[in-house]
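Asks: I have a structure here, written as structure tokens, and I will follow up with some questions on it.
Numbering (our numbering), first residue to last: 35 to 143.
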């Protein structure tokens, strides 16, 4: 699916609106409609490729507030329409682990 995001296409480019492609949510996923997102300095280090492992386009923003709009059938203890505050699973400190295990997060505006 195509989504709207804000990110950078390289370490030297500024953040800008973009369209990116994401897979459809699966049975172990929770889809959150983002209401607010913070971009912290750690995000900027990642966008600028000052830390290892940056993949472009890079979409920063792992601190989010949003509403759960879909829940996979394998997910427990989560229901639709509740509000969620999250430091997403693939935060900068866990980038390598998230890439290896397939965990992905994307900020959708």
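Just so you know, even glycine gets a beta-carbon here, dropped at the ideal spot from N, CA and C.
Starting from the C-beta of residue 114, find all residues in its chain whose C-beta is less than 8 Å away, skip the five residues before and the five after it, and write them out in chain order.
Replies: The residues are 102, 103, 104, 105.
Asks: Does the distance from the C-beta atom of residue 107 to that of residue 95 stay below 9 Å?
Replies: Contact: no.
Asks: Taking only three categories from DSSP, how would you classify residue 81?
Replies: Residue 81 falls in the helix class under three-state DSSP.
Asks: Since residue 92 and residue 81 are thought to touch, with beta carbons under 8 Å apart, how far apart are those beta carbons, to the nearest angstrom?
Replies: That pair is a contact at about 5 Å.
Asks: Sorted by chain position, which residues of the same chain lie with C-beta nearer than 6 Å to residue 116's C-beta, five sequence neighbours on each side aside?
Replies: Cβ neighbours of residue 116 beyond the five flanking positions: 102.
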